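Accompanying notes for the structure given below.
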């Protein structure tokens, strides 16, 4: 018997909100709705007519429901078993109780909700004794594609004082082999001090061209001004940031600076160098930091010229955050906010291993971004008052010059 899952309607906003409040209850409700819908379609197939449908092919009539409780690892599900007026309705769901339990806990909910693998959904529904076409399951992915499109084309504010950029790498099939794909994540802090994930974009590689394209996408959605861009020290990103958002400042993430520094400093010298770097980064003003940076560079200019050159090229850019409100410094010196989100991406994708295509990456990550934004809504990441004062001072400076 072929079941058409096109008729299963899921309100993603409703279930998304429920998952934010109570993840376990959210998954239980999704599983409950899924199986009740399958029961209804199975029954419609049995009597030859949908609910309230008038057709000459009808073989029987509905005669109410009886509640049936099913204990699963998601919790107890309340299922409504339909009854026919004349004949008997035998469902395969209860006959395959143990398989349902495993399915709900391991595949159905995750695959249906996230759209990771249509074949996983096919296989598990097949275990339930129900035939399901690949086209029907692909429709589920299409629904998530619409969610992705809505997220990636939504209007953004004109002004984001702070913009954090970082990439994580995921395995994806390019049609020939599995490759490591850069997934760029942008998180902005708006003028009220609230953070939000603005975009997620898979890229073939990190380069000036791909960064420029990424920034152009943000501008096309409405961003006109960014005060500070915080990122790693990739050669292309600084140039792309400066050209895409003219007038913006750039902060070389202090954590990435340390990581890069550790690659060029001998282990025996590392502690001393890191202590010197710490003195620079704990400065109380930009001027003090530049003075400390100059002293550090001079210290190693003769004994470690490679290190001195690295510091000359990068250290000043790691002090840019000191030109912004001091109450924000702890949040501005690094891309930790993005790295925390990227860790959650890794946790969610660990069980997947590799993605079949870039579209499947977005079908998993965009719902995660939407959920994260909902959690952040109304919670200031930085003080709004300080942003207002900084903006006022910046406007006055612009008027003078």
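Numbering (this note's numbering), first residue to last: 63 to 463.
Every residue, glycine too, gets a C-beta built ideally from N, C-alpha and C.
It should be emphasised that the depicted structure is a prediction, and the values quoted were computed from it without experimental measurement.
Annotation: the continuous beta strand (DSSP E) that includes residue 257 extends over 257-265. Per DSSP, the continuous beta strand (DSSP E) segment holding residue 223 begins and ends at 221-235. Looking at the backbone, the Cα of residue 104 and that of residue 417 are separated by about 33 Å. Taken atom to atom, the span from the alpha-carbon of residue 257 to that of residue 305 is near 24 Å. Residue state for residue 363 is assigned as coil, using DSSP reduced to three classes.
Cβ-Cβ distances below 6 Å link residue 248 to 227, 260 and 261 in the same chain, with the five nearest sequence neighbours on each side left out; the list follows chain order. Under the three-state reduction of DSSP, residue 138 is assigned to strand.
Counting only runs that start and end inside the segment 322-372, there is no beta strand (DSSP E) element of at least 3 residues. Residue 403 holds the alpha-carbon nearest to the alpha-carbon of residue 435 among 446, 403 and 411. Looking at the backbone, the Cα of residue 443 and that of residue 362 are separated by about 38 Å. Nearest neighbour of residue 370 by Cα position, chosen from 307, 211, 214 and 323, turns out to be 323. When beta bridges are read from the DSSP output, residue 106 appears opposite no residue. DSSP places residue 143 within a strand segment (E or B) once states are collapsed to three.
Between residue 313 and residue 292, the C-beta gap is smaller than 8 Å, which places the two residues in contact. Annotation for residue 300: no beta strand (DSSP E) segment contains it, though the alpha helix (DSSP H) segment containing it runs 297-306.
Contact check for residue 311 against residue 380 fails: the beta carbons are separated by 8 Å or more. Residue 268 is positioned such that its CB atom lies closer than 8 Å to that of residue 296. Secondary structure of residue 285 (DSSP, three-state): coil. In this model, residue 263 and residue 230 are separated by some 10 Å (Cα to Cα).
Inclusion of residue 425 and residue 207 in the CB contact set at 8 Å is warranted, their separation being smaller than that value.
Residue 309: not part of any beta strand (DSSP E); DSSP gives it neither H nor E. One alpha carbon belongs to residue 333, the other to residue 216, and they sit about 47 Å apart. Boundaries of the beta strand (DSSP E) around residue 248: 240-251. Counting only residues of its own chain and dropping the five nearest sequence neighbours on each side, residue 222 has a CB closer than 7 Å to the CB of 250, 251, 252, 285 and 288. Distance from the CA of residue 357 to the CA of residue 344, rounded to the nearest whole angstrom, comes to 14 Å. Taking C-beta separations shorter than 8 Å and ignoring five residues to either side along the sequence, the partners of residue 378 in its chain run 352 and 355, following chain order. Looking at the DSSP output, residue 98 sits in no beta bridge, so it has no partner there. Under the three-state reduction of DSSP, residue 149 is assigned to coil, being neither helix nor strand. Under DSSP, residue 417 shares a beta bridge with 234. Taking residue 142 as reference, the option from 127, 376 and 132 with the minimal CA-CA separation is 127. Look at residue 410 here: in three-state DSSP terms it is helix. Between the alpha carbons of residue 328 and residue 307 lies a distance of about 38 Å. Assigned with DSSP and collapsed to three states, residue 268 falls in coil, not helix or strand.
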